[in-house]
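I have placed the structure first, in the form of structure tokens, so that the comments after it can refer back to it.
Protein chains in written order, with full-length UniProt numbering: chain A, 1 to 242; chain B, 1 to 242.
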């Protein structure tokens, strides 16, 4: 049974200001929730329509009907469970190795996919400009498939961070050098830009090495790559000889 | 001004059976529509809320209000234009070079992203199992960003096609050989599998070379890659030395 106050609280968590105020976020579906339970996230409550999560203490479990779940879910077709977790304190940036920097990524699905890619390629630190979509946005959490617990994500003033980083800063640009022909290091920062505008002018000035993914299609009309697929290709190139 | 019959027709086109019956599909937004106008697609009508598309003959243009556009749009936040195009006759499969084969891709966004990737990497032929999501699904069309006009997409019995292809058939599997260490050919078929189940058993038997994208993350829990990002990495590897 879910109370009116709980419904109000959870549905509010789709908004960043309420997530910030309550220091809570939620995730849906057994796969994502299981992964988060195996990470450092502290569970508040899990709402479930059938018996599941045998290792979760009873006082954190709330049995609900399907129609109750529908009231708290952010999905058009709700799953069979939804869990509320505490938002942890942001950990300090862990430099060293390869770091991904996101310059105003706005689409939650893209950020989620990028986090999942970092997890796959063993990138443990992402730094995001303050305008980048919030990592605890429910759509981001779903798209990460739970890998959110294994990558450290920091929001900061990207321009000031990069200008003080003292390391190589890579960025993808149409006119950059062919990424397939470059000797890529195992340390450095890789900047990916906004979906519509790419890397902003102020950040471009801090990029020490411009790279590009060559286009093999014939027509000039070919659209640029989506930022998540570009990230996949760039990370694969940096890691393939590692 | 959009008529009641037009509203009924266009909103029906979100369903495959009505697209098939009328041989029509639609696209939204000036960027995608412009790309389709530059391809071989035959325009039926374009509905627009402000003057645009100066090269389109007047009798194909319908000026509408924003509230009228909302009635025909499939987007939660409609753009400023929507265009209806004829679905062309399916062209015969053009073998040779690299061909992508999709074994039951169900997510429209994934198919759209994969088409866009093929366009980028100069793959001009995609073959899809009959269960793969329809390429004229509005969400697929949007996600292709217009590159749908530059890649030939054929729906067929994948098992029977592959068994008669007489060429190398690559497929991604967890236990496959490290893709980064393989000498990859410039001809062959690359199979990508369903989002939840991967490549089906019957198709697996027809794969002549199993490959895998190595995982660099530390934890066993790391989820598999999303099929669109896996496609990005695989195509990049096949093409990087081309």
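Backbone N, C-alpha and C fix where the C-beta goes; we use that ideal spot for every residue, glycine too.
Contact set for residue i: own chain, Cβ-Cβ below 6 Å, skip 5 residues either direction
i: residue 147 (chain A); result: 115, 116 and 119
i: residue 123 (chain B); result: 98 and 100
i: residue 135 (chain B); result: 153
i: residue 227 (chain A); result: 110, 192 and 195
i: residue 162 (chain B); result: 169 and 206
i: residue 39 (chain A); result: 149
i: residue 18 (chain B); result: 12
i: residue 16 (chain B); result: 134
Beta-carbon spacing of residue i, residue j below 8 Å
i: residue 126 (chain B); j: residue 98 (chain B); result: no
i: residue 49 (chain A); j: residue 32 (chain A); result: no
i: residue 232 (chain B); j: residue 179 (chain A); result: no
i: residue 24 (chain B); j: residue 84 (chain B); result: yes
i: residue 110 (chain B); j: residue 28 (chain B); result: no
i: residue 88 (chain A); j: residue 41 (chain A); result: yes
i: residue 35 (chain A); j: residue 112 (chain A); result: no
i: residue 132 (chain B); j: residue 105 (chain B); result: yes
i: residue 210 (chain B); j: residue 188 (chain B); result: no
i: residue 53 (chain B); j: residue 62 (chain B); result: no
i: residue 138 (chain A); j: residue 14 (chain A); result: yes
i: residue 9 (chain B); j: residue 22 (chain B); result: yes
i: residue 121 (chain A); j: residue 82 (chain A); result: no
i: residue 319 (chain A); j: residue 80 (chain A); result: The structure shown does not extend to residue 319 (chain A), since chain A is modelled only from 1 to 242, so the question has no answer here.
i: residue 239 (chain B); j: residue 216 (chain A); result: yes
i: residue 236 (chain A); j: residue 224 (chain B); result: no
i: residue 78 (chain B); j: residue 69 (chain B); result: yes
i: residue 229 (chain A); j: residue 229 (chain B); result: yes
Coil, strand or helix - residue i by DSSP
i: residue 172 (chain B); result: strand
i: residue 182 (chain A); result: coil
i: residue 89 (chain B); result: coil
Proximal residues to residue i (C-beta, below 7 Å), its chain only, five neighbours per side dropped
i: residue 7 (chain A); result: 71 and 72
i: residue 174 (chain B); result: 212
i: residue 202 (chain B); result: 159
i: residue 245 (chain A); result: Missing from the structure shown is residue 245 (chain A); chain A here goes from 1 to 242 and no further.
i: residue 191 (chain A); result: 101, 103, 169, 170, 171, 199, 203 and 207
i: residue 11 (chain A); result: 72
i: residue 93 (chain B); result: 125, 127 and 154
i: residue 75 (chain A); result: 28
i: residue 182 (chain A); result: 211
i: residue 214 (chain A); result: 178 and 180
i: residue 157 (chain A); result: 130
i: residue 91 (chain A); result: 152
i: residue 51 (chain A); result: none
i: residue 184 (chain B); result: 237 and 238
DSSP beta-bridge partners of residue i
i: residue 24 (chain A); result: A:86
i: residue 61 (chain A); result: A:46
8 Å CB neighbourhood of residue i in its chain, flanking five on each side removed
i: residue 242 (chain B); result: 186
i: residue 60 (chain A); result: 43, 44, 45 and 46
i: residue 165 (chain B); result: 95 and 189
Contiguous beta strand (DSSP E) assignments of at least 3 residues, all confined to the UniProt domain "tRNA/rRNA methyltransferase SpoU type" (98 to 235) of chain A:
98 to 103, 125 to 129, 152 to 156, 169 to 178, 188 to 193 and 209 to 212
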